[in-house]
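Numbering (our numbering), first residue to last: 7 to 943. Idealized CB from N, CA, C, for every residue including glycine. Here is the structure we will look at, set down as C-alpha cells.
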C-alpha cells in the first residue's frame, strides 16, 4: 500500500530533483530542514504559520538551543483536507530530506501519511490531529503535541454525568476525526451509565439544506442534550441552522468540542448575529496555565499578526500556542540529538528498486536513518513552554491534560470551571489541585452556574417525549385475582384499580404531557408472570409496565423502578382454631423453667431469713420440726404478703425487703398474664412462621404468577415438589381448609398487600410469624429512563400531600376480620424477663449471709476463746460442733452468761491471795469457758 502511494508520488512529480548527495557529515550541520504541512488558507492554518515562523525566528536567534545550527522551514499547503492531494503534498515535502514534519492539520490526513512516515522513519508532530485512535502503538512516528480527544470526550462524559443526564445525541463529521471521537465518547459515557441515544453524522462539506435535514431528525429524538464534534470550518454553520430551527431555545443543551472555543478565540470579537446563534452553548478549550511566558507571548501576538492577514489581526488560540511550543520541542530534541553525537543521514531503500522503471525516479524517496533516535529525543523532552509544563507519559500523551469549560453568554464567554484528568470537574485551576490527593467523588465535582439556551439558569431536563406522534406502550398485567389492584374493564381498553390510580395521579403531577396507552398482558385465565412482563420491557415490546410489580433483585438488573408506592413483603397464612380452656390453665403464664426457679427462690429466701433470725427471733426457734414448718410457712406466705412472723434483725429485714419487691413484680405479671389467658379468645396453629415451614415436609401454597415461588426455592431452599400454585383467593381458601392431610396445604405464602385483602373477609385464617422479606411495588421503565426519575419524584409528592393514602383507602380499606388481632401463641413469661430480679435477690442473700457469718465469728471468738495449752486443744470436729452449738444458742443467753462470768472474775480477784489467785483464776477461767461453750445450749 505504501509503495503504491510512493509510485503515485513519483509519477505525479515526474522525477523530483535529487541534488543532495548521501554523505555523512563529520560536523554538526549548519541547518536542519523541517516541514510544515497545514492548510494555510484557513484560520487555523494562518495562525499556525505565524506561530511557527515566530518560533523558528526565536530559536535561530538563541544560540543556547542549537548553537550554530539553524532551522529551515519548508511550508507545504495541505489542500483543504482532500486526501489524495494531501498525500501527494506530504510525499513532496518528505522528498526534501526533512528531519521532521509539523502537521498534518486533520486526523484524516494523519491516518494516511502516518503509514508513510513509519516507512520513511520521519517523525510527524501534530497538535491539531487529535483523533484518539492515532496511537503511538499503531503509528510510532506520529507524535501528538497537544491533548488527545480521549481526554476531551472524558470531560464531556463527566459533564453529562454531573448534570444527571443519561442520554445524548451525537452530531459529528462523517470522517475519521468525527467517528473515532464519538466512539471514544460512547465508551466514556458507558462507564458512567450514560449513552449516545442517537447518532447524526454529516459530511464536513454539507450544505445548509443537508444540515437542516439532519437536525430535523435530531429534533424528533427524545434527548435534548446534543454534543457537536466538528471543525472550525463547518461547525458554526451547524449551530446557525439549529438557531433557525428553534433548537437553541429553552430545554436544549448544546455541548460543542474545542472547535467552537478556537473559533471564538481567533475571530474575537464576533458579530452580534454570530453570538446570537450560539447563546447558552457550552464549549471546551484546552487549558493553558496563566504563566509569565503565556502573557509575554500574548502581548507579542498582535504585533506578529498585523499586516499578515487580509482581514486584520487574528486572535490567539490554543493552536497557535501549541504550534509555537511544538517547534521548540523539536529544536530541543534536535539539540539533544546532536549533543549525543548523532547525525542526520538518509539512505535509499533497496526494496524500492523493484518499482524502478524508465519513467519512475525514486531517488528522491529516502529513509531517515536516525529517525528512531530523533523520535526518542522528542519523547524525552522535558521543558516549560508557553503552554506550560511539556512532558510525555509512557503511552505517548502529554502530562496533566486539562480543559476550560466555557459558557457563551451575551457578547462574550464566561468560564464556569475546569476539567482535568487528575481531579475531574472543579472551579479551581488544575495546578491548584495537583498538590492535593486526587478526589473524583461526586461531592468534589463543582461548576459555576450556567446560562442555558433560552436565557435560563435552570438546568434543562435533558429530554422530552419524541415529537413523532408515538405513544408509550405500557404493559399492564391482566389479573384474575385481587382485582382491586389492577383490572381491565370488560369489553374496553380501560384499566382501573389501586395501581392504575397511583400511576394516573403521578403522571398528572409531571411538568409535561406523557402520551401513552395501556396494553393488557396475560390471557385472562391465570395471573401472568410479572418477571416476564419486565423482560418484555428489555426486549422493547413495552416502554414501561404498570401494576402490582414487586421490586426484586433479579428485576432491577433488567429495568429501572420508580420509588415504591406501597410497601410489601412475604408473610405466612395458616388456618387457626380456638384454644379450649382446661383445668391447668393457671399454669400457663409461666414457663416450666420460670416455675422451677421461682419455687427454688421461695425456699432459698426462707432458709436465709431463718439463718439470720434464728439467734434473735423466738418465732424461728424451737424444736426442729416446728422450725421447718415455720420457715416454709413464712417463705410461701410472702407470696400474698400474709406472713405473721416478724423479722427483728437488720440483715433479715434487708433480705425480706428485696424479696417482697421481687414477689410484687412476679405477682403482678402473673395476674396480668392469667387474666389475658382466661378472658381473651385464643387461636392456635401448628405453623408458627416460615421457620416451621422450612423444617416441615408439608405442602405450601403460593399465588400463581408471583415471584414467591422462585424466592421459596432459590432463597429459602424449599423443595419445589412441596409448592402448590393457587390461582384465586377462593382456591387458596379451600386448600387451607382442607389442610395438608386432605389434599390441601399447611400454609399459604404471599405478599402482605394481597394477604390484607385475603384476610379482610376470612376470619378462620391469620398471619403466623413475622414478615420475612421487605419489598415494595414500583412502576418499571427501561434502564436509565429519565421518566423513572420524574415518576419517583411524583410518587413522593403523592405520599407527602396525602393523596397516596387516600387512593389506598379507596381501594384497600380494611374490613371485618382484618383487625381481629388474633394471637397464635400465648406469650408466656419466661426466666429471661426476670433474671435481673432474681440476680439482685440472690446477691442480697449472699451479702446478708456473708455479713452474718463475719458477725457470728467475731462473737464466737469473743465469748469462746481457744484453749491455750496445746495438749488441751480439741480436735477440728470438736471445734466445729462447739461453733454450731454457739450458733444455735440464742444471742441473748450468750451475752447474759458472758456478763455473769465477768462479774464472778471480779469478785474472785478481790477475795483471793495474790500468789495463788492468779493460778486458781486461770484454772477457773479455762474450765468455766469450756463448760459454758460446750454444755450450755
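- Between the stretch 58–72 and the stretch 284–302 there are fewer than three C-beta pairs closer than 8 Å, too few to call the two in contact.
- CA-to-CA, the gap between residue 721 and residue 165 works out to about 41 Å.
- In this structure residue 755 does not touch residue 799 by the C-beta definition: roughly 34 Å separates them, more than the 8 Å allowed.
- Per DSSP, the continuous alpha helix (DSSP H) segment holding residue 61 begins and ends at 49–66.
- Around the beta carbon of residue 343, a 10 Å sphere encloses 16 or more other beta carbons of the protein chains shown; the residue is thus reported as buried.
- Under the DSSP definition of a beta bridge, residue 556 partners with 783.
- Judged by DSSP in its simplified three-state form, residue 297 adopts coil rather than helix or strand.
- Judged by beta-carbon spacing, residue 156 lies within the 8 Å limit of residue 190, meaning their Cβ atoms are closer than that value.
- Cβ contact annotation for residue 267 (same chain, cutoff 7 Å, sequence separation greater than five): 289, 290, 291, 412, in chain order.
- Residue 63 sits away from residue 81, with the two beta carbons spaced by 8 Å or more.
- Of the residues 501, 531, 537, 355, the one whose Cα lies closest to the Cα of residue 523 is 501.
- Residue 597 sits in coil when the DSSP states are folded into three classes, being neither helix nor strand.
- Straight through space, the alpha carbons of residue 324 and residue 95 are spaced by roughly 26 Å.
- Residue 239 sits away from residue 221, with the two beta carbons spaced by 8 Å or more.
- Contact check between the stretch 121–136 and the stretch 400–417: fewer than three CB pairs, one atom from each, fall below 8 Å, which does not count as touching.
- Residue 424 is bridged by DSSP to 410, 432.
- Closest option to residue 209, judged by alpha-carbon separation, among 611, 724, 173, 179: 179.
- With the rule of 3 Cβ pairs closer than 8 Å, the stretch 547–559 counts as touching the stretch 784–799.
- A contact is defined here as three or more CB-CB pairs under 8 Å, and the stretch 671–684 fails this definition with respect to the stretch 692–707.
- Of the candidates 838, 122, 863, 122 places its Cα closest to the Cα of residue 374.
- Cβ contact annotation for residue 568 (same chain, cutoff 7 Å, sequence separation greater than five): 784, 785, 794, 797, 798, 801, in chain order.
- Note on residue 561: 16 or more other CB atoms within 10 angstroms of its CB, so buried under the neighbour-count rule.
- When secondary structure is reduced to three states using DSSP, residue 488 falls in the coil class, being assigned neither helix nor strand.
- Close CB contacts of residue 519 within its chain, under the 8 Å cut and outside five residues either way in sequence, are with 471 (chain order).
- For residue 477, the closest alpha carbon among the candidates 730, 525, 421 is that of 525.
- With respect to the C-alpha of residue 204, the residue from 580, 215, 169, 177 having the closest C-alpha is 177.
- Contact between residue 329 and residue 58 holds: CB atoms are separated by about 6 Å, below the 8 Å threshold.
- Residue range 182–196 is occupied by the alpha helix (DSSP H) that includes residue 188, with no beta strand (DSSP E) assigned at that position.
- Look at the stretch 658–697 and you find no whole run of alpha helix (DSSP H) that is 4 residues long or longer.
- Here the stretch 770–778 does not lie against the stretch 532–543, with fewer than 3 beta-carbon pairs under 8 Å apart.
- Residue state for residue 158 is assigned as helix, using DSSP reduced to three classes.
- Taken atom to atom, the span from the alpha-carbon of residue 372 to that of residue 426 is near 42 Å.
- With respect to the C-alpha of residue 610, the residue from 665, 351, 197 having the closest C-alpha is 665.
- Here the alpha carbon of residue 40 sits roughly 10 Å from the alpha carbon of residue 129.
- Distance check between residue 77 and each of 49, 36, 111, 237 places 36 closest, using alpha-carbon atoms only.
- The bridge partners DSSP lists for residue 807 come to none.
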